[in-house]
Amino acid sequence: MNTETTCCPPPASKSAAPSVGVTESLQKPRYDVVGSADAYEVRVEMPGVAKGDVKIDLDENILSIRGERHSKLPEDWKPLHRELSQVGYQLRLRLNTPVDRDKLTASLENGVLTLKLPVQETAKPRRIEVQ
Amino acid sequence: MKLTRHLPSFDLGRVADFDQWLRHPFAGFPAVGQLLGEFMPGVVNRLSADVFEDKDNYYARFELPGTKKEDVKVEIHDRLLTVSVARSEKTEADEESFTLARSISVPEGVRGDAIAAKLEDGILTVTLPKQEHRKPKLIEIT
Numbered sequence: 001m002n003t004e005t006t007c008c009p010p011p012a013s014k015s016a017a018p019s020v021g022v023t024e025s026l027q028k029p030r031y032d033v034v035g036s037a038d039a040y041e042v043r044v045e046m047p048g049v050a051k052g053d054v055k056i057d058l059d060e061n062i063l064s065i066r067g068e069r070h071s072k073l074p075e076d077w078k079p080l081h082r083e084l085s086q087v088g089y090q091l092r093l094r095l096n097t098p099v100d101r102d103k104l105t106a107s108l109e110n111g112v113l114t115l116k117l118p119v120q121e122t123a124k125p126r127r128i129e130v131q
Numbered sequence: 001m002k003l004t005r006h007l008p009s010f011d012l013g014r015v016a017d018f019d020q021w022l023r024h025p026f027a028g029f030p031a032v033g034q035l036l037g038e039f040m041p042g043v044v045n046r047l048s049a050d051v052f053e054d055k056d057n058y059y060a061r062f063e064l065p066g067t068k069k070e071d072v073k074v075e076i077h078d079r080l081l082t083v084s085v086a087r088s089e090k091t092e093a094d095e096e097s098f099t100l101a102r103s104i105s106v107p108e109g110v111r112g113d114a115i116a117a118k119l120e121d122g123i124l125t126v127t128l129p130k131q132e133h134r135k136p137k138l139i140e141i142t
């Protein structure tokens, strides 16, 4: 079951004026979604992101997740070999099921963000008894 | 026409030690490894590493998202630093378990007994202290 699909980039007009010319490097994190009738659980891998540096927005049916990395590497560390990326994370998911936005919970543990999105009561499957 | 011997332009001095830090086939080409990871997520072993040094220590950093401290093993044996992760996840529906490992060869002059490791926000940092510089010794003639 795949309720969330990756979504388009945000509309340019919404953010700063395009003439400013500020580019930002962001990467799409690895994630997975587990769904049940009551709730969806989204797990996003964001190593290097501390608790205070995650921003989650639910706008209409677009869920945006952003994680900034505040690299705390001391300046006198001389890099000898680098593979780990230093850029932040951004993930935008389009939800096709109405979720209860007031009950949305998020927790970040060991570099993995876990989001719980309870499905709205009206969207849950119901059994209709035959009279 | 003149034939000239091709010499690699990069400095092999200290870096040569670190060629062996990486046992992964794509080690020398992090960009290729990353690219592959983008096209085939899950295929490429994600245990990527950074190496730094300052005047007292070497530092190796590994990305281990979602890993608990108990699931990580850091070993040093014969100048080979090995980080391995064994994890099993069990849910009602399914069960998955996997192990990941990465070995890095450590330059000479690291104090194996004083290596420390810390796991924070899914990033493991291993600190490898350098040995005190051996001082030149003056031999007196008797």
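So the protein lines, in turn, are chains A and B.
Note that this note's numbering numbers the first sequence so that position 117 is 117, with each residue one more than the last.
Note that this note's numbering numbers the second sequence so that position 23 is 23, with each residue one more than the last.
Built from N, CA and C at the ideal position, the CB exists for glycine as well.
With distances taken between CB atoms, is the gap from residue i to residue j smaller than 7 Å?
i       : j       : result
E45(A)  : R30(A)  : yes
S88(B)  : S97(B)  : yes
I65(A)  : L91(A)  : yes
L79(A)  : F52(B)  : The sequence given here has Pro at residue 79(A), not Leu. Closer than 7 Å, so yes.
L115(A) : K51(A)  : no
L50(B)  : W77(A)  : Note on identity: in this sequence residue 50(B) is Asp, with Leu being the wrong assignment. It is not a contact, given that the beta carbons lie outside the stated cut-off.
L119(B) : K69(B)  : yes
S48(B)  : L58(A)  : no
D102(A) : Q120(A) : no
A106(A) : I56(A)  : yes
State the Cα-Cα distance for the pair residue i and residue j, rounded to the nearest angstrom.
i       : j       : result
N110(A) : R94(A)  : 26 Å
T127(B) : P118(A) : 43 Å
R126(A) : A37(A)  : 10 Å
L63(A)  : V33(A)  : 13 Å
Q86(A)  : V54(A)  : 15 Å
G33(B)  : V110(B) : Only weak support exists for where G33(B) lies, its pLDDT of 45 falling under 50; the value from the coordinates is given anyway. Approximately 28 Å, taken between the alpha carbons.
G112(B) : E132(B) : 13 Å
V74(B)  : L138(B) : 40 Å
I128(A) : E92(B)  : 28 Å
T125(B) : T142(B) : 50 Å
P107(B) : D121(B) : 27 Å
R43(A)  : G67(A)  : 13 Å
V72(B)  : V112(A) : 16 Å
Y58(B)  : V49(A)  : 23 Å
K28(A)  : Y89(A)  : 6 Å
E24(A)  : D78(B)  : 43 Å
V144(B) : L73(A)  : Residue numbering for chain B in the displayed model covers 1 to 142; residue 144(B) lies beyond these limits and cannot be assessed.
K130(B) : E140(B) : 29 Å
A155(B) : E60(A)  : In this structure chain B extends from 1 to 142, so residue 155(B) is not present and cannot be described.
E75(A)  : A117(B) : 20 Å
H95(B)  : A39(A)  : Per the sequence presented here, residue 95(B) reads as Glu, with His not at that position. Rounded to the nearest angstrom, the two C-alpha atoms are 20 Å apart.
N96(A)  : S105(B) : 49 Å
Under a Cβ-count criterion, where at least 16 other Cβ atoms within 10 Å of its own Cβ denotes burial, should residue i be classed as buried or exposed?
i       : result
I115(B) : buried
S85(B)  : Per the sequence shown, the amino acid found at residue 85(B) is Val instead of Ser. Buried.
I123(B) : buried
L64(B)  : buried
R151(A) : What the structure shows of chain A is the stretch from 1 to 131, and residue 151(A) is not part of that stretch, so it cannot be assessed.
V130(A) : exposed
T67(B)  : buried
H81(A)  : buried
P98(A)  : exposed
P47(A)  : buried
L80(B)  : exposed
Using a Cβ-Cβ cutoff of 8 Å, what residues of the segment 64-82 of chain A are near chain B? List them in chain order.
L73, P74, D76, W77, K78, P79, L80, H81, R82
Counting only Cβ-Cβ distances shorter than 8 Å, please list the residues of the segment 79-104 of chain A near chain B, keeping chain order.
P79, L80, H81, R82, E83, L84, S85
If the cut-off is 7 Å on Cβ atoms, which residues from the segment 47-62 of chain A count as contacting chain B, listed in chain order?
P47, G48, V49, A50
Every unbroken beta strand (DSSP E) inside the segment 49-76 of chain B [3 residues or more]
49-53, 57-63
Taking beta-carbon pairs under 7 Å, can you tell me which members of the segment 103-127 of chain A lie near chain B?
N110, G111, V112
Enumerate, from N- to C-terminal direction, the unbroken beta strand (DSSP E) stretches of 3 or more residues contained entirely within the segment 58-91 of chain A.
62-67, 78-81
For the segment 111-126 of chain B, list every residue whose C-beta sits within 8 Å of some C-beta in chain A, in sequence order.
L119, D121, G122, I123
Identify each residue in the segment 66-78 of chain B for which the Cβ-Cβ distance to at least one residue of chain A is less than 7 Å, and report them in chain order.
G66, T67, K68
Beta strand (DSSP E) runs contained entirely in the segment 106-134 of chain B, provided each spans 3 or more residues:
116-120, 123-129
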